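The structure is reproduced here in structure tokens:
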């Protein structure tokens, strides 16, 4: 079910589906795409809560601002509002960045953290690019870097209704607003990742060339006790490209570590 | 009508390579620029600007970045030289891309300094900048216009405040002691210009009473000027032609053939200008939501903004000189031809008071450029001066 709620003086749209342990899913820069299979697969095991980030879908930007800090506080407020306990926090791509920003502030309502090909930190030197410049690529070039099988990511925009196209355009604007400069990361975030005191799993698409598995290794080293698992035949969006493998790895990790 | 001569100070020797690579901008490595040839070209272009002062033309300078199409990297730097080499011409900065500048107070200082240096001859364009300027500046396109308006307000306040310092703590810019020296020569500020292609720009320019300029397409100019007039009327004043500027390529000759030849060479500006790597042509948030939805519906195809009289897009990169005359992109031929074309276009969009004359472009050489400037000034300019002279006026005062 999709609903819109008022929270912290702003409007947030979210999808809720399934029963059981709460799982907060933070979508990638591309948007939530709730009709795609991963939410359904997750909801067979968990009570899935999946907001559209401010600026995406029908969620309003927070005061017109593009601050990821604001989004992190908003979702901590959401966890409190929904009285979540022992929840699983899952963030993919841009959602992984937001999840990490939340967790360096407070892990209180969560039991596990799963980051899926996250953006958000700087590892290399000033002349190295950790995160591919998605805004210097044509759509076809982008798909080649972001997907193991680029044909799976291709969308025939001309066939979509205008309301969907409007949401896509708003999402693209929001993504740029949050991540244009510094590009898709917070230079100060890595410094505080030691504050994450939850069992943490990093899931990475083997063929991701937006952020490579080597960047995932940098994340693993920065979070004490984190595991890095590689999903074959997947690029930047393993939850989209290999939804069954994604849910299996995730639930295996959550169930094993209580 | 005032006429402002203008050249982008192009580095056309690199165009062939740029066309081959599909981008004259952003990603064309500067190994394709030979500084020794560039030295000659920049000095030549400045000589051509200086000539305008002798023949009675006004002067406009623009800037672009990371491109072979325009080697003016800083309007104030170029205008500082031109101000010293000229005595009469008014000097139009069109302009400073203020949403791409980190320091608006510095912009205010430089404009005030230019105005003082030139004895009050400056006109000051505060522009949004083209989409492919986002990458070289690395400015956020998704809040570009919010940043534009904050910079605009801060620059005008810095230039018009006489009892500073004042405090500024906005969304984007923070200063605790704004108090620019020198202050401008013209009071309270030099005339302000904006540019664009949309009716929204026309409407916003009217809100401030600024001059609004558009370029190369009569199909953009008509609706934009109409939106300005309508908004001005709503606000209680009537916008005269002096609020409107139109930019086009101009080629004039003693014979029609010679005028067409000159315009055709200069029109390579129009043909090369849109050749830029696709990824940099539409950064998120630069164009409106509606325009982007339309683009996705059309399968990602972007129509150019140059359109013919029936509203059909003109393929800029390959357009003939005849097509470009038809679309209002070029005025070309004998002095009579050129005058008639300008007057007809001006009449069809309700009258503009400023012509921005691309009098040089690419392969139009120095001798041709000199002839183009002098012949235009001698045979066309005196007649244009008599056109569209009514000033804007407050309705309430009538």
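Chains as they are written, first to last, in the numbering used here: chain G, 1 to 258; chain R, 1001 to 1398.
For each residue, glycine too, the CB sits at the ideal point set by N, CA and C.
What you are looking at is a predicted structure, and each value in this text was computed from that prediction instead of being measured.
CA-to-CA distance, residue j to residue i, given in whole angstroms
i	j	result
residue 1277 of chain R	residue 1132 of chain R	9 Å
residue 61 of chain G	residue 1125 of chain R	31 Å
residue 12 of chain G	residue 1230 of chain R	38 Å
residue 1083 of chain R	residue 1309 of chain R	39 Å
residue 1377 of chain R	residue 1383 of chain R	10 Å
residue 1275 of chain R	residue 1016 of chain R	11 Å
residue 1343 of chain R	residue 1293 of chain R	37 Å
residue 122 of chain G	residue 213 of chain G	14 Å
residue 1396 of chain R	residue 1234 of chain R	Its pLDDT being 46, under 50, residue 1396 of chain R is placed unreliably in this model, and the value from its coordinates should be taken loosely. If I take the Cα positions, the gap works out to 12 Å.
residue 41 of chain G	residue 218 of chain G	29 Å
residue 176 of chain G	residue 1283 of chain R	9 Å
residue 1064 of chain R	residue 1251 of chain R	23 Å
residue 236 of chain G	residue 96 of chain G	12 Å
residue 164 of chain G	residue 3 of chain G	17 Å
residue 1105 of chain R	residue 1390 of chain R	35 Å
residue 1322 of chain R	residue 1347 of chain R	20 Å
residue 1214 of chain R	residue 1028 of chain R	27 Å
residue 1325 of chain R	residue 1138 of chain R	36 Å
residue 47 of chain G	residue 25 of chain G	10 Å
residue 220 of chain G	residue 226 of chain G	5 Å
residue 1256 of chain R	residue 1196 of chain R	32 Å
Proximity below 8 Å, CB of residue i to CB of residue j
i	j	result
residue 1135 of chain R	residue 1026 of chain R	yes
residue 1243 of chain R	residue 1317 of chain R	no
residue 1143 of chain R	residue 1164 of chain R	no
residue 1185 of chain R	residue 1103 of chain R	no
residue 1123 of chain R	residue 1093 of chain R	yes
residue 1080 of chain R	residue 1117 of chain R	yes
residue 1111 of chain R	residue 1191 of chain R	no
residue 116 of chain G	residue 239 of chain G	yes
residue 102 of chain G	residue 75 of chain G	yes
residue 1355 of chain R	residue 1286 of chain R	no
residue 1109 of chain R	residue 1360 of chain R	no
residue 1228 of chain R	residue 1263 of chain R	no
residue 14 of chain G	residue 87 of chain G	no
residue 99 of chain G	residue 84 of chain G	no
residue 1331 of chain R	residue 1220 of chain R	no
residue 93 of chain G	residue 29 of chain G	yes
residue 211 of chain G	residue 143 of chain G	no
residue 1154 of chain R	residue 1173 of chain R	yes
residue 1338 of chain R	residue 1259 of chain R	yes
Same chain, Cβ closer than 6 Å to residue i, neighbours up to 5 away in sequence not counted
i	result
residue 181 of chain G	none
residue 253 of chain G	201
residue 1387 of chain R	1001
residue 1023 of chain R	1276 and 1277
residue 79 of chain G	109
residue 1241 of chain R	1351, 1352, 1353 and 1388
Test: residue i CB closer than 8 Å to a CB of chain C
i	result
residue 1279 of chain R	Looking for chain C here will not work: the only protein chains present are G and R.
Close-in-space but distant-in-sequence residues of the same chain around residue i (CB under 8 Å, 5 per side omitted)
i	result
residue 1398 of chain R	Bear in mind that a pLDDT of 37 at residue 1398 of chain R, under 50, signals an unreliable position, so the number given afterwards is only what the model happens to contain. Result list for residue 1398 of chain R: empty, nothing under 8 Å.
residue 1053 of chain R	1059, 1085, 1086, 1087, 1088 and 1089
residue 1162 of chain R	1183
residue 1061 of chain R	1006, 1049, 1072, 1075, 1078, 1079, 1082, 1091, 1092, 1093 and 1094
residue 71 of chain G	53, 54, 62, 98, 101 and 178
Neighbourhood of residue i by C-beta, 7 Å cutoff - its chain only, sequence neighbours within 5 removed
i	result
residue 1363 of chain R	1012, 1265 and 1268
residue 1152 of chain R	1098 and 1126
residue 1037 of chain R	1013
residue 1307 of chain R	1217, 1219, 1313, 1314 and 1327
residue 1171 of chain R	1146 and 1150
residue 152 of chain G	241
residue 1232 of chain R	1206, 1238 and 1239
residue 223 of chain G	193, 196 and 200
residue 157 of chain G	165
residue 1160 of chain R	1188 and 1189
> Taking one C-beta from the segment 1030 to 1038 of chain R and one from the segment 241 to 254 of chain G each time, how about it: are there three or more such pairs within less than 8 Å?
Replying inline: These segments do not touch.
> In the segment 1140 to 1206 of chain R, which residue ranges form an unbroken alpha helix (DSSP H) of at least 4 residues, counting only runs that do not cross its ends?
Replying inline: Fully enclosed alpha helix (DSSP H) runs of 4 or longer: 1144 to 1160.
> Are there three or more Cβ pairs, one per stretch, closer than 8 Å when the segment 181 to 190 of chain G is compared with the segment 130 to 145 of chain G?
Replying inline: Yes: at least three Cβ pairs fall under 8 Å.
>> Whether or not the segment 166 to 177 of chain G and the segment 189 to 201 of chain G are in contact is what I'm after, with contact meaning three or more pairs of Cβ atoms, one per stretch, closer than 8 Å; do they touch?
In response: In short, these stretches do not touch, since the Cβ pair count stays below three.
> Counting only runs that start and end within the segment 1275 to 1355 of chain R, where is the beta strand (DSSP E) found for 3 or more residues in a row?
Replying inline: 1330 to 1333, all fully within the segment 1275 to 1355 of chain R.
> In the segment 1074 to 1136 of chain R, which residue ranges form an unbroken alpha helix (DSSP H) of at least 4 residues, counting only runs that do not cross its ends?
Replying inline: Runs found: 1075 to 1085 and 1104 to 1117.
> Which ranges does the alpha helix (DSSP H) cover as unbroken runs of at least 4 residues, wholly within the segment 88 to 160 of chain G, from first to last along the chain?
Replying inline: Runs found: 94 to 105, 139 to 146 and 150 to 153.
> In the segment 170 to 242 of chain G, which residue ranges form an unbroken alpha helix (DSSP H) of at least 4 residues, counting only runs that do not cross its ends?
Replying inline: Listed in chain order, the complete alpha helix (DSSP H) runs (minimum 4 residues) inside the segment 170 to 242 of chain G are 213 to 222 and 238 to 241.
>> At 3 residues or longer, what runs of the beta strand (DSSP E) sit wholly inside the segment 1202 to 1274 of chain R?
In response: Within the segment 1202 to 1274 of chain R, the runs of beta strand (DSSP E) at least 3 residues long that lie entirely inside it are, in chain order, 1211 to 1215 and 1244 to 1252.
> Enumerated in chain order, which unbroken segments of the alpha helix (DSSP H) with a length of 4 residues or greater are wholly contained in the segment 1004 to 1065 of chain R?
Replying inline: The segment 1004 to 1065 of chain R contains, as complete alpha helix (DSSP H) runs of 4+ residues, the segments 1015 to 1021 and 1035 to 1055 (chain order).
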